[in-house]
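These notes concern the structure reproduced below.
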Amino acid sequence: MSRINPLASYNAKRDFNRTSEPEGKMAKKGGNSFVVQKHAATRLHWDFRLEVDGVLKSWAVTKGPSLDPDDKRLAVRTEDHPLSYGSFEGNIPKGEYGGGSVMLWDRGWWEPIPGKSAKDIEDGHLHFILHGERMKGEWLLVRMKGRAGEKRENWLLRKIEDGEARRNGDLVERALTSVLTDRSMAQIAGDIAGTQSLKGARGKTFTDRMQAANAHNAKIGRTKVKAIAKTEAMPRFIKPQLATLVDHVPVGNEWLHEIKYDGYRALVAVSGEAIKIYTRSGLDWTDKFGPLAGAIKALDLPPALIDGEIIAFDADGNPSFSALQAVLKRGHGAERADTPFHFFAFDLLSFDGMDLKSLPAIERKERLEALLADAEQPIHVADHLIGSGEKLYRSLCQAGQEGIIAKRVDAPYRSGRTRAWVKVKCTRRQEFVIVGWTRSKVKGRAFSSLLLAQHEGGALVYKGKVGTGFDAATMTDLAEAMSPIATGTSQIIISAAQARGVQWVKPKLVAEVGFAEFTREGLVRHGSFLGLRSDKLAKTVKPEKAAPTPPSATAIRISNRARVIFPESGQTKGELADYYARIAPLMLPFAANRPISLVRCPQGRAKKCFFQKHDSGAFGDHVRHVAIREKDGGSEDYLYVDDAEGLIACVQMGTIEFHGWASRADAVEKPDRMIFDLDPDEGMDFARVREAAKDIRDHLRDIGLISFAMLSGGKGVHVVVPLSPTHDWDAHKDFAARFAQALSAAEPDRFVATMSKAKRKDRIFIDWLRNQRGSTAILPYSARARAGAPVAIPVDWDELNDLQDAHPYEIGDAEILGERAGKLKGWGFAAQTLPDL
8 MSRINPLASY NAKRDFNRTS EPEGKMAKKG GNSFVVQKHA ATRLHWDFRL EVDGVLKSWA
68 VTKGPSLDPD DKRLAVRTED HPLSYGSFEG NIPKGEYGGG SVMLWDRGWW EPIPGKSAKD
128 IEDGHLHFIL HGERMKGEWL LVRMKGRAGE KRENWLLRKI EDGEARRNGD LVERALTSVL
188 TDRSMAQIAG DIAGTQSLKG ARGKTFTDRM QAANAHNAKI GRTKVKAIAK TEAMPRFIKP
248 QLATLVDHVP VGNEWLHEIK YDGYRALVAV SGEAIKIYTR SGLDWTDKFG PLAGAIKALD
308 LPPALIDGEI IAFDADGNPS FSALQAVLKR GHGAERADTP FHFFAFDLLS FDGMDLKSLP
368 AIERKERLEA LLADAEQPIH VADHLIGSGE KLYRSLCQAG QEGIIAKRVD APYRSGRTRA
428 WVKVKCTRRQ EFVIVGWTRS KVKGRAFSSL LLAQHEGGAL VYKGKVGTGF DAATMTDLAE
488 AMSPIATGTS QIIISAAQAR GVQWVKPKLV AEVGFAEFTR EGLVRHGSFL GLRSDKLAKT
548 VKPEKAAPTP PSATAIRISN RARVIFPESG QTKGELADYY ARIAPLMLPF AANRPISLVR
608 CPQGRAKKCF FQKHDSGAFG DHVRHVAIRE KDGGSEDYLY VDDAEGLIAC VQMGTIEFHG
668 WASRADAVEK PDRMIFDLDP DEGMDFARVR EAAKDIRDHL RDIGLISFAM LSGGKGVHVV
728 VPLSPTHDWD AHKDFAARFA QALSAAEPDR FVATMSKAKR KDRIFIDWLR NQRGSTAILP
788 YSARARAGAP VAIPVDWDEL NDLQDAHPYE IGDAEILGER AGKLKGWGFA AQTLPDL
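Heads up: the sequence shown is residues 8 to 844, going by our numbering.
In structure tokens:
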């Protein structure tokens, strides 16, 4: 930066014939203003500027300021800006320095704390107080030590603990509009007329010019939309993101909450007058919702893919699935000017050829609001609250609504069911497959009740009957729908008494049923039929059980939750942390109080990963240390965990995999389990691995040892032998080696007991080396740093027969793993002494 003119660098970087930014001119000294400008350039950031000596000292804060004192935000020092820049809001042309949209995000005045001054900046620190509309109280800027050859100045900005501080206090996720014009970033980006007309305007002058600019932009915008519609293709359907049912409302400002609408999920693809309305399964239902499609066409939108819900209101003005069914049944009448359908949009997946799914949820919602800013009934943007979800939930339940949807504000959009979207219901209601009906003894009644089922474990499982909720017209419609699919074959296992008087049907129809609860036998109690779900496929209908609410304000805070760790399938660091939080009760009996080695992949599994078994202190208090003697006679601190917080702390540090010793941290010289890792040659049929594992189980049983099977999450199977810790490592290693070598000698065409790749050709390596002191093996329920985020899971020997590979489950299956864990037959806890061999 020039010492003669502090703004020389600023001016040199800009062409003022192209950009509407103010030219850099020195102003009078003596002011103490500050501004923050949200800047969507190559990368979104927040420009923090303090008035000092007639210029704005500037830092680019990559993640924006936070009210949480624990958040240290990187702030990169940039060139000084003129004071006139403090009122700039608008668009910098592409190709110009900093090209993109700029929002005036905060403004006010600042002062150094007593005894400090602005001169401290030159010494690399500044302790100051802000009096802004959004940023208030004490703050600290500290320059980081530069690396050799590094040209930029990296600083840290953080909030000081005071009355204005807030835990989980991300301002940027709640403050989304300009303090100058109340516009969102998307609205500013669409301000084609620019902002020069607002320069220096105040009061009524500013208002008049702003209104004129908006009118002009609206006119230009419509012309631009039509041009785009001719050149950009309509977006294609993608599978929607689905919410996981949980038992409580998640808390904290990292969640936004919306009403759970009682209707049909719909993805609307639009480009000008072209429009398609898809169901969640990809069916084209544009004709079914003709009047609604017409209302969307009238908006003349650019190419976009919008996610939302189609509903109909009942007589009391509440969203009603029954009302929606009634409209679909009678037909809407394409000639009607009005429509009984309403569309509540809640997400924007693509716009003008840009894929928006990787953006944070709050950013996508902001762009959606800008896109539909001029929409009127029956098109709505779903309202949301950030935080305060429990209050919204209570009010909706009191009003007889279905419940709420909570979404992580920082999460990308991912097809399929995820933990970044969760739902909390006021009442119990689920989908069931209709598998039959019972004949009615009442004259004029088509049937007495419907038999219900859901898919579980690859089969249809009986879930009881529903005999209420039908009027005469509904019964007639159902009878007509079931008659063509009547069959003499039952699709479910059911007692003779339950099957008496039943007419079976092929499992093709899906019913939505409200009910009081499931009985102990798993049958619906006090069920009431709500309607047929023709938008859902019978094969997708599974039980919906409430999972524990995702952790929010826990002792361990996960940064960069949206970072994609598994690029092939899109799972994020936040989802990995949620998996370990949920699976911890199952995993800790095997992982707690055991020295561990971690596979850390800070940038994701496709980038550089490494093993770590020692801690330099970066993991925090929840990861414990145990001193273990090394070969040279000294000792080193090894890692271990003893609670869920320890697991999550490791994930925060980039851990994907957990590998454990065969002994406990409080008895490291006494191994308590033996592991034979069956590692097949590349391309070997998994059936051969299954048979090998069972044969090894039989050989172990012959010498008096009970063993258990675990799928590695990779390509092999671990045969695990739990032992009493009554022998040392020498005996442990010797037994494992001789057992593996004996099998290899007995069946040399099948097994090999050495690591040599050359000798493993078309054979299975019995890896006994994991039974040496200091060696580790993957722990039960650990995720693997492999494509698709698979997990290592214990299995019963009978279950092993039906498995086709060693990685059938992944981190999104925590709920399924929890259910199946209760059915395992005492896995891994047999106490037995190592015999002589």
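From the three backbone atoms N, C-alpha and C, an ideal C-beta is built for every residue, glycine too.
Every value quoted in this text rests on a predicted model; they were computed, and no experiment measured them.
Asked                                                                                                                    : Found
Cα-Cα separation, W53 to P72                                                                                             : 8 Å
A738 versus M762 - alpha carbon distance                                                                                 : 21 Å
Cβ pair count under 8 Å reaching 3, the segment 414–427 against the segment 356–370                                      : yes
Segment limits, alpha helix (DSSP H) that includes S535                                                                  : Element bounds for S535: not the alpha helix (DSSP H) but the beta strand (DSSP E), S535 to L539.
For A821 and R564, believed in contact at Cβ under 8 Å, the rounded distance                                             : 20 Å between Cβ atoms; not a contact.
Coil, strand or helix - H391 by DSSP                                                                                     : coil
Buried or exposed by the 16-neighbour rule on C-beta atoms within 10 Å, applied to R745                                  : exposed
Spatial distance of G829 from E463 (CA atoms)                                                                            : 15 Å
Between the CA atoms of L137 and D60 - distance to the nearest angstrom                                                  : 18 Å
Cβ contact (3+ pairs, closer than 8 Å) linking the segment 666–679 and the segment 748–762                               : no
Which of helix, strand or coil DSSP assigns to F328                                                                      : helix
Residue environment, V548, which counts as buried when at least 16 other CB atoms sit within 10 Å                        : buried
Beta-carbon proximity check, V62 vs P13, cutoff 8 Å                                                                      : yes
Alpha-carbon spacing of E103 relative to K20, whole angstroms                                                            : 8 Å
Cβ-heavy atom distance, P13 to the ligand ZN, below 7 Å                                                                  : As presented, the structure is devoid of all ligands, the ligand ZN included, so that no description of it is given.
Those residues which DSSP pairs with L163 across a bridge                                                                : L81 and V149
C-alpha gap between P787 and L841, whole angstroms                                                                       : 22 Å
Buried/exposed call for R697, threshold 16 Cβ in 10 Å                                                                    : buried
Segment limits, beta strand (DSSP E) that includes A281                                                                  : A281 to T286
Cut-off 8 Å between Cβ atoms - residues of its own chain near D843, not counting five sequence neighbours on either side : none
Beta strand (DSSP E) runs contained entirely in the segment 433–519, provided each spans 3 or more residues              : 435–445, 456–463, 466–473 and 509–512
Complete runs of the beta strand (DSSP E) confined to the segment 672–737 [at least 3 residues]                          : 680–687, 715–718 and 724–729
The segment 436–447 touching the segment 518–529, judged by at least three CB pairs closer than 8 Å                      : yes
Residue interval of the alpha helix (DSSP H) (run including V68)                                                         : No alpha helix (DSSP H) contains V68, which is instead part of the beta strand (DSSP E) from V62 to V68.
Beta bridge counterpart(s) of M762 as assigned by DSSP                                                                   : DSSP output for M762 lists no bridge partner at all.
Neighbourhood of F135 by C-beta distance below 7 Å, restricted to the same chain and skipping five residues each side    : W117, E118, P119, I120 and W146
Runs of beta strand (DSSP E) wholly within the segment 609–673 (minimum 3 residues, chain order)                         : 617–619, 631–636, 642–647 and 662–667
Spatially closest choice to K638 from R780, L392, K79 and I411, by CA coordinates                                        : R780
Residue nearest to L74 in terms of C-alpha spacing, selected from P678, M142, N567 and T783                              : M142
Check whether P729 and R680 have beta carbons under 8 Å apart                                                            : yes
Supposed contact pair L537 and F328 - C-beta distance, whole angstroms, cut 8 Å                                          : 6 Å
C-alpha distance - D702 paired with D805, whole-angstrom precision                                                       : 13 Å
Same chain, Cβ closer than 7 Å to G661, neighbours up to 5 away in sequence not counted                                  : R607, C608 and P609
S490 versus L458, L467 and G443, residue with shortest Cα-Cα distance                                                    : G443
Whether R114 touches V42 by CB criterion (8 Å)                                                                           : yes
Buried versus exposed, by CB contacts within 10 Å (16 or more), W839                                                     : According to the sequence shown, residue 839 is Gln rather than Trp. Classification of Q839: exposed, given that the 10 Å Cβ count is below 16.
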